[in-house]
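Protein chains: 2
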Amino acid sequence: MLNLLDSIPNVLLLGAGPSCCSPSTYHALSCPTLSHMDPYFIKIMDEIKSYLQQLMDTKNELTVPLSTSGSGGMEATFVNIVERGDKILVLENGSFSERMIDVAGRLGAEVTALHYPWGEPISVEEAAAQLKKEHYKAVAMVYAETSTGVLNPVEEIGALVKDSDTLLLVDAVPALGGIPIKVDEWGIDICYSGSQKCLSCPPGLAPITVSPKAIEVIKNRKTKVPNWYLDMNMIMGYWGGGQSRVYHHTAPVNMIYGLYQALYNIFEEGVDQVFARHMAAHHYLIEQIGQIGWELLVKDERYRLPVVNALKVPAGIDAAAFRSRLLNDYQIEVGGGYGSLDGKVIRIGLMGYNAQKYNVDRVIAAMKEIIAG
Amino acid sequence: MLNLLDSIPNVLLLGAGPSCCSPSTYHALSCPTLSHMDPYFIKIMDEIKSYLQQLMDTKNELTVPLSTSGSGGMEATFVNIVERGDKILVLENGSFSERMIDVAGRLGAEVTALHYPWGEPISVEEAAAQLKKEHYKAVAMVYAETSTGVLNPVEEIGALVKDSDTLLLVDAVPALGGIPIKVDEWGIDICYSGSQKCLSCPPGLAPITVSPKAIEVIKNRKTKVPNWYLDMNMIMGYWGGGQSRVYHHTAPVNMIYGLYQALYNIFEEGVDQVFARHMAAHHYLIEQIGQIGWELLVKDERYRLPVVNALKVPAGIDAAAFRSRLLNDYQIEVGGGYGSLDGKVIRIGLMGYNAQKYNVDRVIAAMKEIIAG
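As they're listed, the protein sequences go chains A and B.
The first sequence begins at 1 in our numbering and counts up one residue at a time.
The second sequence begins at 374 in our numbering and counts up one residue at a time.
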């Protein structure tokens with residue numbers, strides 16, 4: 001019988017995620033499965049909580065990887081907070097904040113959305129004005145917008161709601177492990193991410209942290225969370241302190257091993273060094289694309305997300321064909337444009353294990369050859 | 374820095390799941406990550422669909438592994454079908470069918486539940502009478518009840534609703550890959566499982582199949598599915614035929630490799646041989662426990678689930694201490710009793726890679742030593 005795994009191509013993943021993993025993380029996935037209630041496995045869970053708390057810069061006790069992809073992190077955030085008729089403010093400037101409107105709306109939220117052009121940051125002033133005009137249970141935004149390469153001003157929005165009963169819900173999917181995120185200092189109440197971006201673990205887990213303020217809201221809901229699988233009340237019981245766990249669902253044990261190793265690698269290298277490496281790769285990419293006359297979609301460098309770079313595709317180049325050539329002839333994956341940016345940008349991710357100058361050299365060399373024709 | 378993965382104990386997982394994986398499946402998890410939209414990865418996805426269709430004995434086009442644990446399969450089943458006020462009949466005789474009542478209730482279903490003693494099967498006659506008395510959108514039941522070791526008569530319930538517009542929703546978490554399940558012939562509309570039981574893949578995926586009749590119900594909902602992450606309309610778009618996929622969420626790529634290999638192994642051995650191996654291990658266990666005076670909770674052998682065996686703990690034996698000794702002194706995990714069976718049974722799983730007579734010998738030898746004191 002033909003086994004497709006025998007000839008998996010080795011692709012350099014410079015798209016919008018997943019990124020490649022280190023050899024040690026691939027190896028970790030193949031360690032022998034333990035029971036999800038095994039005392040030794042619980043030690044690994046505890047270590048992961050501690051690593052995530054440090055990386056998210058938070059003391060939140062409820063800081064865990066959910067057994068879903070990053071998209072499930074968004075689902076968990078809204079389904080635990082929203083009850084029918086709740087007012088939610090969404091600051092929309094990309095595909096993932098656009099999705100928030102859909103996710104919250106399905107749960108019966110009354111969503112107000114402020115919209116901004118894709119490639120530009122959200123406006124703190126307009127958000128402030130809206131928050132004065134109306135009271136919201138939560139304001140939701142994307143810190144690091146994978147679809148556009150925009151970094152949004154979370155800290156400034158946090159300052160607006162910190163001393164109110166409005167919650168701040170933040171998508172940080174491609175940020176975690178690549179750039180700083182200060183959950184407590186910025187006043188974020190729920191922040192979620194994905195394992196497959198700057199953490200350089202395969203996709204399948206959604207790290208999430210929930211503030212005591214958000215936990216109070218969840219505990220005081222009038223209705224049960226309409227999602228048993230992602231009900232934080234029960235997830236707390238499983239991931240809660242010590243050995244007295246309550247079985248909820250069966251955690252994806254081997255993925256948890258992978259996340260443990262991926263986090264271990266970050267702390268072994270040093271968090272500041274890891275952030276500096278990401279920034280250096282980003283600046284090197286800007287320099288290199290400048291030399292071939294390409295430029296970033298995001299003009300103002302304060303709002304550039306260093307780990308996902310949206311490059312404007314010059315006139316005369318077919319973005320889809322360009323990406324196909326990179327994949328088929330050079331074994332390099334880069335991302336396409338999303339929604340209204342389809343065909344207009346390609347996205348180069350420099351995330352986690354892949355955030356290295358030599359990977360920039362490799363993709364730039366390939367791009368030059370393709371452009372030369 | 375201490376790395377906990379360096380000294381993971383090698384435990385024989387004879388509990389209620391997860392089970393151990395074959396070396397080839399552990400290895401598969403460590404193959405290089407591809408993009409979730411990579412053409413080569415899509416080939417692997419297509420193969421998995423085909424394997425699952427064969428193993429579930431169904432022509433259903435929508436037969437895919439969801440990016441959740443088995444519990445997420447239950448969530449997906451109910452959240453796609455239930456709209457507020459819908460009448461759902463649950464046949465309850467164990468922990469997982471009990472959970473169905475909660476899951477459906479959270480979504481606003483009007484649940485009628487018929488209750489049966491844990492350790493006994495549900496009653497087809499009473500279900501038939503109830504279905505005559507009232508019209509239900511769906512009847513839900515557990516085929517293979519992990520918590521009690523009961524095998525419920527799905528085929529007979531299927532015959533009751535096959536020609537009506539009532540849907541049949543079936544939990545088959547520990548069944549798939551260990552015992553036959555005939556989705557089309559039995560008239561099952563949604564059937565879900567988990568990767569970590571008889572498939573011998575690590576936990577983290579929920580294979581699910583959805584009949585055309587159920588898809589019609591989902592497509593004709595009056596309200597959107599109140600769960601973006603598990604909305605089958607979008608999951609169909611990602612897992613749908615050919616290369617024209619629509620991005621939904623990022624699939625857990627390396628877990629999908631593991632599932633591919635686990636399914637490959639089953640088909641290489643031969644499905645009938647695999648089922649026979651499970652049955653042989655089960656009968657051997659019954660014979661062996663008989664010799665030490667223990668017996669199964671489920672009296673009627675027609676309703677015994679061969680892959681999870683609930684053993685009544687004789688008077689004078691502390692079930693929790695007994696299990697701890699097996700784990701700590703013999704590196705064997707067995708399951709405890711659940712809910713009302715806590716302390717009264719231990720559960721021995723003989724699933725997938727572990728369904729071997731030599732594993733029965735190992736656990737029985739350990740049990741004898743512990744009993745001898």
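Glycine is no exception: its CB is placed at the ideal position from the N, C-alpha and C atoms.
Check                                                                                                                                                                           : Outcome
In this structure, does DSSP put residue 168 of chain A in helix, strand or coil?                                                                                               : strand
Determine, using beta carbons only, whether residue 308 of chain A and residue 174 of chain A come nearer to each other than 8 Å.                                               : yes
From this set, B:556, B:734, B:570, which residue's C-alpha is nearest residue 542 of chain B's C-alpha?                                                                        : B:556
In the DSSP output, what is residue 436 of chain B paired with across the bridge?                                                                                               : B:582
Can you confirm whether residue 138 of chain A, when its beta carbon is compared against all beta carbons of chain B, has any partner nearer than 8 Å?                          : no
Would you mind giving the Cβ-Cβ distance between residue 368 of chain B and residue 706 of chain B, rounded to the nearest angstrom? I have them listed as a contact below 8 Å. : Here chain B has residues from 374 to 746 only, and residue 368 of chain B is not among them.
Suppose contacts are defined by Cβ-Cβ distances below 8 Å. Is residue 256 of chain A in contact with residue 48 of chain A by that definition?                                  : yes
State yes or no: is the C-beta of residue 404 of chain B within less than 8 Å of the C-beta of residue 575 of chain B?                                                          : no
Taking the alpha helix (DSSP H) that residue 701 of chain B falls in, what are its first and last residues?                                                                     : 692–703
Could you tell me the distance, in whole angstroms, from the CA atom of residue 725 of chain B to the CA atom of residue 298 of chain A?                                        : 52 Å
Using three-state DSSP, classify residue 565 of chain B as helix, strand or coil.                                                                                               : strand
Step through the CB atoms of chain B and report whether any lies within less than 8 Å of the CB of residue 376 of chain A.                                                      : Nothing about residue 376 of chain A can be read from this structure; chain A reaches only from 1 to 373.
At a CB distance below 9 Å, what residues from the region 217–240 of chain A approach chain B? Give them in sequence order.                                                     : 223, 224, 225, 226, 227, 228, 229, 230, 231
Give a yes or no on whether 8 Å exceeds the smallest Cβ distance from residue 494 of chain B to chain A.                                                                        : no
When you compare the CB positions of residue 402 of chain B and residue 627 of chain B, do they come within less than 8 Å of one another, or not?                               : yes
Under 9 Å Cβ-Cβ, which residues of chain B neighbour residue 11 of chain A?                                                                                                     : 405, 406, 407, 408, 411, 413
In angstroms with no decimal places, state the Cα-to-Cα distance between residue 63 of chain A and residue 568 of chain B.                                                      : 26 Å
Are residue 552 of chain B and residue 648 of chain B touching if we call contact CB-CB under 8 Å?                                                                              : yes
Report the option in A:99, A:72, A:123, A:295 whose CA atom is closest to the CA atom of residue 205 of chain A.                                                                : A:72
I need the boundaries of the alpha helix (DSSP H) containing residue 159 of chain A, first residue and last residue.                                                            : 154–161
Please classify residue 176 of chain A: does DSSP put it in a helix, a strand, or coil?                                                                                         : coil
Among B:687, B:513, B:585, whose alpha-carbon lies nearest the alpha-carbon of residue 431 of chain B?                                                                          : B:585
For chain A, find out if any of its Cβ atoms is closer than 8 Å to the Cβ of residue 749 of chain B; answer yes or no.                                                          : In the structure as shown, chain B begins at 374 and stops at 746. Residue 749 of chain B is therefore absent and cannot be evaluated.
Give the residues of chain B in contact with residue 106 of chain A, contact being defined as C-beta atoms less than 9 Å apart.                                                 : 596, 597, 598, 599, 600, 601, 604
Between the region 244–272 of chain A and chain B, which residues of the former have CB atoms less than 8 Å from a CB of the latter, in chain order?                            : 248, 249, 250, 251, 252, 253, 254, 255, 257, 258, 260, 261, 264, 267, 268
Spell out whether any CB of chain A is found under 8 Å from the CB atom of residue 416 of chain B.                                                                              : yes
Going by C-alpha to C-alpha distance, which of B:447, B:501, B:488, B:519 sits closest to residue 679 of chain B?                                                               : B:519
Threshold first: 3 residues or longer. Then list the beta strand (DSSP E) segments lying entirely within the region 67–129 of chain A, N to C.                                  : 87–92, 110–115
Could you pull out every unbroken beta strand (DSSP E) segment of at least 3 residues lying fully inside the region 661–685 of chain B, listed in chain order?                  : 681–685
For residue 1 of chain A, which residues in chain B fall below 9 Å Cβ to Cβ?                                                                                                    : 637, 640, 641
On a Cα-Cα basis, can you pick out the residue from A:282, A:245, A:322 that is closest to residue 367 of chain A?                                                              : A:322
Report yes if the CB atom of residue 698 of chain B is closer than 8 Å to the CB atom of residue 737 of chain B, and no otherwise.                                              : no
Would you say residue 519 of chain B faces chain A, with C-beta separation under 8 Å as the test?                                                                               : no
My output table needs one value for residue 802 of chain B: the three-state DSSP class, helix, strand or coil.                                                                  : Past the boundaries of the shown model lies residue 802 of chain B; chain B is included only from 374 to 746, so the question cannot be answered.
Terminal residues of the continuous beta strand (DSSP E) containing residue 718 of chain B?                                                                                     : 718–722
Apply the 10 Å Cβ neighbour rule to residue 137 of chain A and answer buried if 16 or more other Cβ atoms are within range, or exposed otherwise.                               : buried
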